[in-house]
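Residue numbers (this note's numbering): -5 to 412. Written out below as structure tokens is the structure these notes cover.
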């Protein structure tokens, strides 16, 4: 089957599952015979789970498809541009050993040029400490980048996330702790060491060398009112008491070779001997997520800066010395913030709005980062236990120093979780 048609086939299959299967399909059925036991569970929006209770092994299969259509217009052009898209098409396999606290997850996006998104092993040493290794979502990015793509408030991520992060996935190792009382105060620190080269960290060929050094990062989350689900932009639990998490995250890439420190040799910078001398890239994030009775508020701030630039040249022939402000042509440097809020009604309707801005570190016409104002809104309808999500969204981008690029985009997106 053509890759472009695969997501639509998955969408059709999911639609049939959501609306034409009997209610029993969403319930658990166990099959026990002799010394062997077996259970199979299918839940709308959560996929298929197969378990062997006596051994503690559980296997899960889930997926996501996001087809849609959009219309856009720039202020410099009065014509409308219409298009269709499939934003994401995921398939996920998960295996767990409940007795030993081991989880294995593999997730792929079948419409991406590099399909593999996540492939990791998570080991829960005890109730308060876990280790993860493989390719996973880096915990040292901003809060919205900790949300699974199926749990976003709007079809696309905020201008902050789109500016300073690509997929957020990298190969490495992380250690996460959880301390305190789940009903009162919780503290969750995380440390991570990753490749610093993003997805497919070691290039397209087996003999490709890693570019630059590693990325060191961490996140500290404080839950002042007790634990809650901080992995989505919706208050599905409709918390009866206010919940919040205040977070600080940082990552230091010791040799970036792409605009946001998730690339594998997009460009190279050299020292006086003609050897690679990639700049160090630091990002700091501060964020707040709060939920209460269906309402959600998210506030984020990010700052990015570059270091280790002395004696750097733009070519191995040493023809051009890199001036301090010229690094802004290679890296996203500056600040950004994102403010968004939404409310989920009991009938499944949800309304969200957000506003964000980006500011470059240097006032250079050639800087990658521009001064951008972004305002957007979205109306969402959650159907069939969140297995189906219909979204109508719009966003306007205002480029303060480049008015010809100003414009708006409206999109209708259907999301299937299965």
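Backbone N, C-alpha and C define an ideal beta-carbon position, used for all residues, glycine too.
Short check: CB of residue i to CB of residue j, under 8 Å?
i, j, result
"residue 154", "residue 296", "yes"
"residue 303", "residue 250", "no"
"residue 180", "residue 189", "no"
"residue 285", "residue 332", "no"
"residue 365", "residue 400", "no"
"residue 245", "residue 274", "no"
"residue 159", "residue 254", "yes"
"residue 64", "residue 79", "yes"
"residue 289", "residue 282", "no"
"residue 407", "residue 81", "yes"
"residue 272", "residue 205", "yes"
"residue 344", "residue 367", "no"
"residue 301", "residue 262", "no"
"residue 314", "residue 194", "no"
"residue 211", "residue 134", "yes"
"residue 129", "residue 162", "no"
Using CA coordinates, which residue listed in the options is at the minimum distance from residue i?
i, options, result
"residue 166", "176, 160, 141 and 113", "113"
"residue 117", "92, 138, 158 and 135", "92"
"residue 69", "412, 402 and 81", "402"
"residue 41", "393, 385, 398 and 378", "378"
"residue 95", "121, 79 and 73", "121"
"residue 157", "55, 373, 266 and 361", "361"
"residue 398", "169, 380, 67 and 293", "67"
"residue 138", "309, 328 and 243", "243"
"residue 471", "73, 97, 264 and 57", "Coverage of the chain is limited to positions -5 through 412, which leaves residue 471 absent and any answer about it impossible."
"residue 389", "383, 380, 405 and 382", "405"
"residue 299", "194, 323, 372 and 268", "323"
"residue 183", "130, 214 and 271", "214"
"residue 178", "266, 107 and 216", "216"
"residue 266", "236, 307 and 231", "307"
"residue 342", "329, 327 and 373", "373"
"residue 385", "392, 393, 371 and 391", "371"
"residue 32", "38, 51 and 39", "51"
"residue 235", "150, 330 and 222", "222"
"residue 88", "45, 49, 59 and 106", "45"
"residue 77", "84, 83, 85 and 61", "61"
Within 10 angstroms of its Cβ, does residue i collect 16 or more other Cβ (buried), or is it exposed?
i, result
"residue 340", "exposed"
"residue 412", "buried"
"residue 357", "exposed"
"residue 140", "buried"
"residue 152", "buried"
"residue 26", "With a pLDDT of 43 at residue 26, under the threshold of 50, the predicted position of this residue should be treated as unreliable, though the coordinate-derived value follows. Exposed: under 16 other Cβ atoms inside 10 Å."
"residue 346", "buried"
"residue 175", "exposed"
"residue 229", "buried"
"residue 409", "buried"
"residue 119", "exposed"
"residue 123", "exposed"
"residue 287", "exposed"
"residue 264", "buried"
"residue 170", "buried"
DSSP puts residue i in a beta bridge; with which residues?
i, result
"residue 178", "Residue 178 pairs with nothing; no bridge assigned."
"residue 67", "402"
"residue 142", "DSSP output for residue 142 lists no bridge partner at all."
"residue 301", "274"
"residue 91", "51 and 96"
"residue 240", "216 and 282"
"residue 209", "188 and 247"
"residue 349", "333 and 369"
"residue 171", "123"
"residue 82", "In the DSSP output, where bridge partners are listed per residue, residue 82 has none listed."
"residue 393", "366"
"residue 222", "Paired residue(s): none; residue 222 is not in a bridge."
Runs of 4 residues minimum, wholly inside the region 98 to 135: which ones carry the alpha helix (DSSP H) assignment?
DSSP runs (the alpha helix (DSSP H)) wholly in the region 98 to 135: none.
What are the start and end residues of each continuous beta strand (DSSP E) run of 3 or more residues lying completely inside the region 352 to 387, in chain order?
Those beta strand (DSSP E) runs which fall completely within the region 352 to 387 and span 3+ residues are 366 to 377.
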